[in-house]
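Position one of the sequence shown corresponds to residue 212 (this note's numbering), numbered consecutively onward. We put the CB at the ideal spot given by N, CA and C, even for glycine. Predicted model, so just to flag it, every value in this text is computed and none were measured.
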Amino acid sequence: LTASALGAELTDFITPTLDIRARYEHVEDGSSSLSIPTLGAQFGFEVKGAHGFSGVVEYEVTASFDDDYVLDPEQSDWNQLYLQYEAGETVAKAGRQVIVLGTVDKSGEAAFVGDLMWRQNQQTFDAVTVTDQSIEDLSVFLGYSRQVNRILSTRGDKALKGEGDMVLVNLKYTGFSLPFSTYYYGINNLSFAKDSDTFGLSTKIGHLYLELATQNGNDYVHVNYGSKIGPGTLKFGLEQLGDGFSTPLATVHKFNGFADKYIVQRITGNHDGIADFYTMYGFKCPCGMHLKLFGHYFTDDSYRVTTGSEFDIVLAKQLNKYTKAVIKYADFNASNGGVG
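Structure follows, in structure tokens:
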């Protein structure tokens, strides 16, 4: 349950912000089970200055009612703290900020760099970034980060805070009948990930989405097709990471099922290849609710070894302008030496 509010301006220059998330999670894994309630809050303000300058100050607090649950630990820290300069269609930011990079379709959003805001702690970057849209139909993003603050908090012995050198380049062009995007993500000296250089390209042909990437000799493929069927939308596709391919800056919860059985493998690259054959059907229900059904079938990248299957359900309801309720269910079944 999430409640977000953008308050009335205190002055012509200051606007307060507030986002509160009440969450309950129940996990059964073999003979063990966990029930974890947490409460998260992000609060701060946006400052509008003169001559194109502005800024954001935002603090984040998580209250956990299970000290041993590492995914949403008790923590507090600055979530965003950056200075921004805007000149026409060019925006530059310096400081702690959220970065979400995608492709020509939402299917590829945050697959390599981003945050879904599923856990209570949001992933941010201590970075300098420039976004330019001064050329019609072209969007250019350039960024350099010295630290990524991942979702397991940024303080204490449970922290997953990585210092290193991260170069992020992302371009999208939508002026052709065949839109395309291309990107380069260079990661070096990051404490919890191996060094990598990732080059990628994506396009969309009608309802068909295609993305290809290469990383240190390993390949990545993501292809899907979506179409209106009956009252909803049906999509089916394949996302495949070659042996050792890693996505340490991604929001891994969005991919490979909501049970999160492959998140460590994606972040570290310690796997023999992950092939995810998936399908999704989403439609509107009575009372303004939205329902999505997912199916996943997992193998290695040779397609000869099955590692598991999963069924997911997501039900969402916008209660009012500021409040949204979401229920997720995930059922993962391992097979042939799968991940659990």
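Nearest to residue 229 (by Cα), restricted to the options 251, 384, 347, 419: Along the sequence shown, read from residue 1 onward, the residue named residue 229 stands at position 18. Selected option, being the one with the closest Cα: 251.
C-alpha gap between residue 516 and residue 429, whole angstroms: Along the sequence shown, read from residue 1 onward, the residue named residue 516 stands at position 305. Along the sequence shown, read from residue 1 onward, the residue named residue 429 stands at position 218. Whole-angstrom Cα-Cα distance: 19 Å.
Rounded separation between residue 342 and residue 231 - CA only: On the sequence shown, position 131 is the one that residue 342 refers to. On the sequence shown, position 20 is the one that residue 231 refers to. Roughly 29 Å separates the two Cα atoms.
Beta-bridge pairing of residue 456 - partner residues as DSSP gives them: Position 245 of the sequence shown holds residue 456. Its beta-bridge partners do not exist; DSSP assigns none.
Distance CB(residue 273)-CB(residue 249) smaller than 8 Å: The sequence position of residue 273 within the sequence shown is 62, counting from 1. The sequence position of residue 249 within the sequence shown is 38, counting from 1. It is a contact, given that the beta carbons lie within the stated cut-off.
Residue 479 (DSSP reduced to helix, strand or coil): On the sequence shown, position 268 is the one that residue 479 refers to. The answer is helix: DSSP assigns residue 479 an H, G or I state.
The segment 397-405 / the segment 455-463 touching (three or more Cβ pairs under 8 Å): yes
Residue 368 versus residue 282: straight-line alpha-carbon distance, rounded: As a working note, residue 368 is residue 157 in the sequence shown. As a working note, residue 282 is residue 71 in the sequence shown. Low confidence applies here, because residue 368 scores a pLDDT of 49, under 50, leaving its location unreliable and the question unanswered by this model.
Contact check, residue 484 vs residue 512, beta carbons under 8 Å: Mapped onto the sequence shown, residue 484 falls at position 273. Mapped onto the sequence shown, residue 512 falls at position 301. Against a cut-off of 8 Å, the Cβ pair of residue 512 and residue 484 comes out as a contact.
Own chain, CB closer than 7 Å to residue 470, minus 5 neighbours either side, in chain order: Within the sequence shown, residue 470 is the residue found at index 259, counting from 1. Cβ within range, chain order: 521, 541, 543.
Unbroken stretches of the alpha helix (DSSP H), 4 residues or longer, contained in the segment 227-254: none
Sequence-distant residues of its chain with Cβ nearer than 6 Å to residue 385 (five each side left out): Walking along the sequence shown from the start, residue 385 turns up at place 174. Excluding positions up to five away in sequence, the list reads 348.
Exposed unless 16 or more other CB atoms sit within 10 angstroms - verdict on residue 211: In the structure displayed, the chain extends from 212 to 551; residue 211 sits before or after that span and is not available.
Whole-angstrom distance between residue 262 and residue 501, CA atom to CA atom: Here the question's residue 501 lines up with position 290 in the sequence shown. Here the question's residue 262 lines up with position 51 in the sequence shown. One C-alpha to the other measures close to 43 Å.
Proximity to residue 152 [Cα-Cα], best of 291, 275, 277, 264: Only positions 212 to 551 of the chain appear in this structure, which leaves residue 152 out of reach.
Neighbourhood of residue 304 by C-beta distance below 6 Å, restricted to the same chain and skipping five residues each side: Counted from its first residue, the sequence shown places residue 304 at position 93. Taken in chain order, the residues that qualify are 293, 295, 340.
Nearest to residue 411 (by Cα), restricted to the options 442, 322, 449: Taking the sequence shown and counting its residues from 1, the one referred to as residue 411 is at position 200. It is 322.
Supposed close pair residue 507, residue 481 - CB separation, criterion 8 Å: Numbered from its first residue, the sequence shown carries residue 507 at position 296. Numbered from its first residue, the sequence shown carries residue 481 at position 270. Residue 507 to residue 481, Cβ: 20 Å. No contact.
One or two residues paired with residue 399 in a DSSP bridge: In the sequence shown, residue 399 corresponds to position 188, counting from 1. Answer is 376.
Beta carbon of residue 537 nearer than 8 Å to that of residue 503: In the sequence shown, counting from the first residue as 1, residue 537 sits at position 326. In the sequence shown, counting from the first residue as 1, residue 503 sits at position 292. Taking 8 Å as the Cβ cut-off, residue 537 and residue 503 do not qualify as a contacting pair.
Closer than 8 Å to chain B by CB, residue 404: In the structure shown, chain B does not exist; there is a single protein chain.
Top-ranked residue by Cα proximity to residue 476, from 492, 439, 403: Taking the sequence shown and counting its residues from 1, one reaches residue 476 at position 265. Out of 492, 439, 403, 403 has the C-alpha closest to the C-alpha of residue 476.
Cβ-based neighbour list, residue 224, same chain, cut-off 8 Å, excluding 5 preceding and 5 following: Numbered from 1 along the sequence shown, position 13 holds the residue referred to as residue 224. 258, 259, 260, listed in sequence order.
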